[in-house]
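Residue numbers (our numbering): 5 to 205.
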(Lines of atoms letter the chains of each structure in order from A; the text may use other names.)
(Lines give C-alpha, C1' and ligand atoms only; values in the text may rest on other atoms or scores of the structure.)
Protein backbone atom coordinates (compact mmCIF):
# COMPACT_ATOMS: atom_id res chain seq x y z
CA UNK A 5 0.00 0.00 0.00
CA UNK A 6 1.24 3.48 -0.90
CA UNK A 7 0.06 6.73 0.64
CA UNK A 8 0.13 9.72 -1.66
CA UNK A 9 1.44 12.72 0.36
CA UNK A 10 -0.24 15.02 -2.17
CA UNK A 11 -3.71 13.53 -1.70
CA UNK A 12 -6.56 15.89 -0.84
CA UNK A 13 -7.57 13.94 2.26
CA UNK A 14 -4.05 13.94 3.72
CA UNK A 15 -3.56 17.60 2.84
CA UNK A 16 -6.85 18.49 4.52
CA UNK A 17 -5.94 16.53 7.65
CA UNK A 18 -2.53 18.19 7.80
CA UNK A 19 -4.11 21.64 7.50
CA UNK A 20 -6.67 20.81 10.20
CA UNK A 21 -3.98 19.60 12.61
CA UNK A 22 -1.91 22.71 11.85
CA UNK A 23 -4.83 24.93 12.82
CA UNK A 24 -5.42 22.90 15.99
CA UNK A 25 -1.78 23.30 17.02
CA UNK A 26 -1.88 27.00 16.08
CA UNK A 27 -5.01 27.49 18.21
CA UNK A 28 -3.44 25.79 21.23
CA UNK A 29 -0.22 27.77 20.86
CA UNK A 30 -2.18 31.00 20.63
CA UNK A 31 -4.15 30.21 23.80
CA UNK A 32 -0.96 29.24 25.63
CA UNK A 33 0.70 32.55 24.78
CA UNK A 34 -2.42 34.48 25.82
CA UNK A 35 -2.32 33.10 29.37
CA UNK A 36 0.04 35.80 30.74
CA UNK A 37 -2.62 38.38 29.61
CA UNK A 38 0.10 40.96 28.89
CA UNK A 39 1.01 38.96 25.78
CA UNK A 40 -2.52 38.90 24.31
CA UNK A 41 -1.64 41.68 21.87
CA UNK A 42 1.52 40.04 20.57
CA UNK A 43 -0.17 36.64 20.29
CA UNK A 44 -3.17 38.10 18.44
CA UNK A 45 -1.01 40.07 16.00
CA UNK A 46 1.09 36.97 15.33
CA UNK A 47 -2.06 34.91 14.74
CA UNK A 48 -3.33 37.51 12.28
CA UNK A 49 0.02 37.71 10.53
CA UNK A 50 0.23 34.00 9.77
CA UNK A 51 -3.46 33.65 8.86
CA UNK A 52 -3.47 36.75 6.64
CA UNK A 53 -0.43 35.37 4.85
CA UNK A 54 -2.03 31.92 4.56
CA UNK A 55 -5.27 33.42 3.20
CA UNK A 56 -3.25 34.76 0.26
CA UNK A 57 -2.98 31.55 -1.83
CA UNK A 58 -1.93 29.51 1.22
CA UNK A 59 1.48 31.17 1.37
CA UNK A 60 3.72 30.78 4.39
CA UNK A 61 3.73 28.20 7.17
CA UNK A 62 1.27 29.24 9.92
CA UNK A 63 2.65 27.12 12.73
CA UNK A 64 6.32 27.58 11.86
CA UNK A 65 5.98 31.35 11.36
CA UNK A 66 3.92 32.04 14.49
CA UNK A 67 6.68 32.36 17.10
CA UNK A 68 8.95 34.56 14.89
CA UNK A 69 5.94 36.83 14.27
CA UNK A 70 5.17 36.87 18.01
CA UNK A 71 8.70 38.02 18.83
CA UNK A 72 8.84 40.57 16.00
CA UNK A 73 5.46 42.13 16.86
CA UNK A 74 5.74 42.03 20.65
CA UNK A 75 6.68 45.67 21.34
CA UNK A 76 4.28 47.42 18.96
CA UNK A 77 1.42 45.01 19.60
CA UNK A 78 1.68 45.43 23.38
CA UNK A 79 1.56 49.24 23.20
CA UNK A 80 -1.38 49.18 20.77
CA UNK A 81 -3.16 46.71 23.03
CA UNK A 82 -2.75 49.02 26.04
CA UNK A 83 -4.11 51.95 24.01
CA UNK A 84 -7.19 50.14 22.68
CA UNK A 85 -8.03 46.93 24.53
CA UNK A 86 -7.50 48.26 28.06
CA UNK A 87 -10.10 51.07 27.72
CA UNK A 88 -12.47 48.65 25.95
CA UNK A 89 -12.31 46.33 28.97
CA UNK A 90 -12.85 49.26 31.36
CA UNK A 91 -15.92 50.36 29.42
CA UNK A 92 -17.22 46.79 29.45
CA UNK A 93 -16.87 46.63 33.23
CA UNK A 94 -18.47 50.05 33.66
CA UNK A 95 -21.49 48.89 31.65
CA UNK A 96 -22.15 46.25 34.31
CA UNK A 97 -22.21 48.98 36.95
CA UNK A 98 -24.58 51.18 34.93
CA UNK A 99 -26.96 48.35 34.05
CA UNK A 100 -27.17 47.47 37.76
CA UNK A 101 -28.76 50.86 38.41
CA UNK A 102 -32.57 50.63 38.09
CA UNK A 103 -32.89 53.99 36.36
CA UNK A 104 -33.32 55.18 32.79
CA UNK A 105 -30.04 57.10 33.05
CA UNK A 106 -28.26 53.94 34.15
CA UNK A 107 -29.70 52.00 31.22
CA UNK A 108 -28.71 54.67 28.71
CA UNK A 109 -25.20 54.95 30.19
CA UNK A 110 -24.90 51.16 30.09
CA UNK A 111 -25.83 51.03 26.40
CA UNK A 112 -23.34 53.82 25.61
CA UNK A 113 -20.62 51.95 27.51
CA UNK A 114 -21.34 48.70 25.65
CA UNK A 115 -21.27 50.44 22.28
CA UNK A 116 -18.03 52.20 23.21
CA UNK A 117 -16.47 48.92 24.34
CA UNK A 118 -17.52 47.19 21.10
CA UNK A 119 -16.07 50.03 19.00
CA UNK A 120 -12.77 49.97 20.87
CA UNK A 121 -12.62 46.17 20.65
CA UNK A 122 -13.07 46.42 16.88
CA UNK A 123 -10.34 49.08 16.83
CA UNK A 124 -8.11 46.71 18.82
CA UNK A 125 -8.62 43.95 16.25
CA UNK A 126 -7.81 46.37 13.43
CA UNK A 127 -4.75 47.51 15.35
CA UNK A 128 -3.47 43.96 15.74
CA UNK A 129 -4.07 43.28 12.05
CA UNK A 130 -2.17 46.44 11.13
CA UNK A 131 0.78 45.44 13.30
CA UNK A 132 0.74 42.11 11.46
CA UNK A 133 0.33 43.60 7.98
CA UNK A 134 2.24 46.89 8.05
CA UNK A 135 5.47 48.25 9.47
CA UNK A 136 4.05 51.53 10.74
CA UNK A 137 4.57 53.65 13.84
CA UNK A 138 2.45 52.96 16.90
CA UNK A 139 0.80 56.39 16.85
CA UNK A 140 -0.33 56.00 13.23
CA UNK A 141 -1.46 52.44 13.87
CA UNK A 142 -3.67 53.51 16.78
CA UNK A 143 -5.06 56.43 14.78
CA UNK A 144 -5.93 54.19 11.81
CA UNK A 145 -7.42 51.57 14.12
CA UNK A 146 -9.76 54.14 15.66
CA UNK A 147 -10.88 55.41 12.26
CA UNK A 148 -11.36 52.11 10.42
CA UNK A 149 -14.48 50.86 12.26
CA UNK A 150 -16.32 54.05 11.23
CA UNK A 151 -14.89 53.99 7.70
CA UNK A 152 -15.74 50.30 7.15
CA UNK A 153 -18.95 49.62 9.13
CA UNK A 154 -20.07 46.55 7.13
CA UNK A 155 -16.70 44.80 7.23
CA UNK A 156 -16.27 45.80 10.87
CA UNK A 157 -19.55 44.06 11.63
CA UNK A 158 -18.10 40.92 10.06
CA UNK A 159 -14.87 41.31 12.04
CA UNK A 160 -16.85 41.55 15.28
CA UNK A 161 -19.43 38.92 14.38
CA UNK A 162 -16.91 36.07 14.33
CA UNK A 163 -15.59 36.36 17.94
CA UNK A 164 -19.01 37.39 19.27
CA UNK A 165 -20.60 34.31 17.67
CA UNK A 166 -17.95 32.04 19.18
CA UNK A 167 -18.54 33.51 22.64
CA UNK A 168 -22.33 33.39 22.32
CA UNK A 169 -22.36 29.77 21.14
CA UNK A 170 -20.05 28.78 24.00
CA UNK A 171 -22.38 30.44 26.53
CA UNK A 172 -25.54 28.95 25.02
CA UNK A 173 -24.02 25.51 24.31
CA UNK A 174 -21.10 24.88 26.72
CA UNK A 175 -19.90 21.77 24.80
CA UNK A 176 -19.16 24.12 21.88
CA UNK A 177 -16.34 25.46 24.05
CA UNK A 178 -14.33 22.38 23.07
CA UNK A 179 -14.40 23.50 19.43
CA UNK A 180 -13.35 27.01 20.44
CA UNK A 181 -10.43 25.62 22.41
CA UNK A 182 -9.28 23.40 19.54
CA UNK A 183 -9.79 25.44 16.36
CA UNK A 184 -12.09 28.36 17.20
CA UNK A 185 -9.53 31.15 17.36
CA UNK A 186 -7.26 30.00 14.55
CA UNK A 187 -10.08 29.30 12.09
CA UNK A 188 -11.85 32.49 13.19
CA UNK A 189 -8.68 34.50 12.53
CA UNK A 190 -8.34 32.84 9.12
CA UNK A 191 -11.92 33.81 8.22
CA UNK A 192 -11.32 37.36 9.44
CA UNK A 193 -8.09 37.57 7.43
CA UNK A 194 -10.06 37.91 4.19
CA UNK A 195 -11.95 40.88 5.64
CA UNK A 196 -8.74 42.54 6.78
CA UNK A 197 -7.12 42.08 3.39
CA UNK A 198 -10.17 43.61 1.74
CA UNK A 199 -10.14 46.61 4.10
CA UNK A 200 -6.40 47.22 3.80
CA UNK A 201 -6.56 46.83 0.03
CA UNK A 202 -9.18 49.59 -0.12
CA UNK A 203 -7.21 52.03 2.05
CA UNK A 204 -3.60 51.14 1.26
CA UNK A 205 -1.81 53.89 -0.66
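Note that the Cβ used here is the ideal one computed from N, Cα and C, for glycine as well.
Quantities reported herein were computed from a predicted structural model and do not represent experimental measurements.
163 is the residue among 40, 163 and 120 whose C-alpha sits nearest the C-alpha of residue 189.
Apart from the 5 residues on each side of it in sequence, residue 106 sits with its Cβ closer than 7 Å to the Cβ of 98 and 99 in its chain, given in chain order.
Boundaries cannot be given for residue 180, as no alpha helix (DSSP H) includes it and DSSP labels it neither H nor E. Boundaries cannot be given for residue 103, as no alpha helix (DSSP H) includes it and DSSP labels it neither H nor E.
Residue 180 and residue 170 have their C-alpha atoms roughly 8 Å apart. Collapsing the DSSP output to three states places residue 135 in coil. Minimum Cα-Cα distance from residue 83 among the listed residues 41, 61, 94 and 29 corresponds to 41. Distance check between residue 154 and each of 199, 112, 134 and 174 places 199 closest, using alpha-carbon atoms only. Inclusion of residue 50 and residue 131 in the CB contact set at 8 Å is not warranted, their separation being larger than that value. For the pair residue 24 and residue 191, the Cα-to-Cα distance works out to about 15 Å. Excluding five sequence positions before and after residue 151, the CB atoms of its chain that fall closer than 8 Å to its own CB belong to 203, given in chain order. Of 78, 109 and 19, the smallest CA-CA separation from residue 124 is found for 78. Apart from sequence neighbours up to five positions away, the residues of its chain that approach residue 119 with a beta-carbon distance below 6 Å are 149, ordered along the chain.
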